[in-house]
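Heads up, the thing below is written out as structure tokens.
Protein chains: 2
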Amino acid sequence: VAFAANGYERATVRSIAAAAGVDPAMVHHHFGTKAELFREAIQLPFDPSTVVAPLLSGPRRTIGARVVRAFLGIWETPTARESLLGLVRTAMTNEAAAAALRDVLAARLVGPLVRALDVSDADLRATLVGSHLLGLGIARYVIRVEPLASTSEGRLAAAVGPTIQRYLTGSL
Amino acid sequence: VAFAANGYERATVRSIAAAAGVDPAMVHHHFGTKAELFREAIQLPFDPSTVVAPLLSGPRRTIGARVVRAFLGIWETPTARESLLGLVRTAMTNEAAAAALRDVLAARLVGPLVRALDVSDADLRATLVGSHLLGLGIARYVIRVEPLASTSEGRLAAAVGPTIQRYLTGSL
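Chains A and B supply the protein sequences, listed in that same order.
Reminder that position 72 of the first sequence reads as 132 in my numbering, one-by-one numbering, no gaps.
Reminder that position 56 of the second sequence reads as 116 in my numbering, one-by-one numbering, no gaps.
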């Protein structure tokens with residue numbers, strides 16, 4: 061939560077301990093340094109394999125909209141949103157967090173999805189999808205630009221779904 | 061430059077003065093507080109009207125690819141990239157910078173472009189375009205995820221152009 065609210069650089073072990081109502085020494089005892097605490101904290105708020113499998117189980121021609129709905133569904137879950145806000149904010153200035161975000165975009169989440177679709181240019185497709193979803197998440201939940209921030213998930217899935225569909229399965 | 065490298069919170073007037081080789085008192089004299097210095101620094105590295113007009117002057121059916129090329133062209137200009145990195149990084153945790161970025165996405169750059177196209181849902185279209193470009197810029201230039209980061213501008217314009225085209229002029 062401290063990482064989400066303040067970003068990595070401004071969060072201190074002391075402030076994290078205070079927010080948790082525990083002694084800073086206990087945080088150090090359990091997690092070690094702030095860097096180690098951060099690695100714990102940036103565990104994804106979901107298991108990638110449980111996200112990817114249902115996306116692949118429906119019709120291939122509508123996978124784009126399913127991806128957008130799943131992505132927004134994660135962001136709309138308060139605890140997951142806190143984790144994602146912390147990761148995204150920190151990744152802008154901290155190389156460890158940037159590496160974690162690259163890992164999510166390319167290797168752990170979007171990559172396996174694209175590779176399962178058996179298409180050419182899988183890596184470029186994965187990062188195109190990842191870049192659009194990243195921008196959508198930041199614009200809607202971090203920058204909160206209107207009307208995007210208050211547009212319904214269904215409308216966004218209808219608008220953005222065809223883009224994700226083409227990046228995943230169409231001609232580039 | 062200090063804002064770009066460190067983000068707003070970690071940059072100090074002292075460090076900014078040191079980088080510029082001047083006395084911190086002189087920075088204070090000319091710019092006042094760090095917040096005022098920041099407002100100076102987040103002036104866009106280009107004049108929005110000179111960007112929008114050429115985009116509108118070509119054929120309407122290829123405006124999407126022109127937008128992507130223009131966007132990447134700005135990021136590929138070193139001084140502009142520094143400004144944009146500073147703005148994007150700071151906007152993640154600082155409300156003044158987030159407001160500036162909302163302003164760029166909705167009012168100053170993409171908004172006027174969309175309104176000139178005389179389409180329905182102009183504001184939603186503008187923020188969809190803005191969110192995708194924002195994500196593309198962050199994934200390519202901040203997070204530097206591969207292969208997106210080293211894909212040619214031409215290939216990206218071909219891949220992303222049709223998306224921007226649909227958000228600008230197509231059915232949502």
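Ideal Cβ positions, reconstructed from N, Cα and C, are used throughout, including at glycine.
Note that the coordinates shown come from a computational prediction; the quantities given were computed from them, not determined experimentally.
Taking only the alpha-carbon atoms, compute the straight-line gap between residue i and residue j and give it to the nearest angstrom.
i, j, result
"Val128 (chain B)", "Ile224 (chain B)", "8 angstroms"
"Thr122 (chain A)", "Phe131 (chain B)", "30 angstroms"
"Leu169 (chain A)", "Ala160 (chain A)", "12 angstroms"
"Leu193 (chain A)", "Ala140 (chain B)", "24 angstroms"
"Gly81 (chain A)", "Arg74 (chain A)", "10 angstroms"
"Leu165 (chain B)", "Gly171 (chain B)", "7 angstroms"
"Glu142 (chain A)", "Val205 (chain B)", "23 angstroms"
"Val202 (chain A)", "Asp83 (chain B)", "36 angstroms"
"Leu232 (chain A)", "Thr211 (chain B)", "13 angstroms"
"Ala167 (chain A)", "Ile134 (chain A)", "18 angstroms"
"Pro138 (chain A)", "Ala85 (chain B)", "45 angstroms"
"Glu155 (chain B)", "Thr110 (chain A)", "35 angstroms"
Using the beta-carbon count (16 or more within 10 Å), is residue i buried or exposed?
i, result
"Ala151 (chain A)", "buried"
"Pro222 (chain A)", "buried"
"Ser191 (chain A)", "buried"
"Thr153 (chain B)", "buried"
"Arg120 (chain A)", "exposed"
"Gly197 (chain B)", "buried"
"Ala79 (chain B)", "exposed"
"Ala157 (chain B)", "buried"
State the CB to CB distance for the pair residue i and residue j, rounded to an integer number of angstroms; the pair is presumed to be in contact (CB under 8 angstroms).
i, j, result
"Leu115 (chain B)", "Arg126 (chain B)", "5 angstroms"
"Arg162 (chain B)", "Val174 (chain B)", "15 angstroms between Cβ atoms; not a contact."
"Ala218 (chain A)", "Leu188 (chain B)", "No, Ala218 (chain A) and Leu188 (chain B) are not in contact; Cβ-Cβ is about 11 angstroms, not under 8 angstroms."
"Leu177 (chain B)", "Thr229 (chain B)", "6 angstroms"
"Asp183 (chain B)", "Pro207 (chain A)", "5 angstroms"
"Ala209 (chain A)", "Arg215 (chain A)", "About 12 angstroms; that fails the 8 angstroms criterion."
"Gly195 (chain B)", "Gly195 (chain A)", "2 angstroms"
So, for residue i: in the same chain, excluding its five sequence neighbours on each side, which residues have a beta-carbon less than 7 angstroms away from its beta-carbon?
i, result
"Gly118 (chain B)", "Arg126"
"Ser180 (chain A)", "none"
"Phe106 (chain A)", "Ile134, Ala140"
Beta-carbon within less than 8 angstroms of residue i's beta-carbon, same chain only, minus the 5 sequence neighbours each way: which residues are those?
i, result
"Glu136 (chain B)", "Glu213"
Going along the chain, which residues of its own chain have a beta-carbon closer than 6 angstroms to the beta-carbon of residue i, five neighbours each way excluded?
i, result
"Tyr227 (chain A)", "Arg185, Leu188, Val189"
"Val112 (chain A)", "Pro172, Leu173"
When every heavy atom of the ligand GTP is checked, does at least one fall within less than 8 angstroms of the C-beta of residue i?
i, result
"Leu169 (chain A)", "In the structure on display, the ligand GTP does not appear, and there are no ligands present to speak of."
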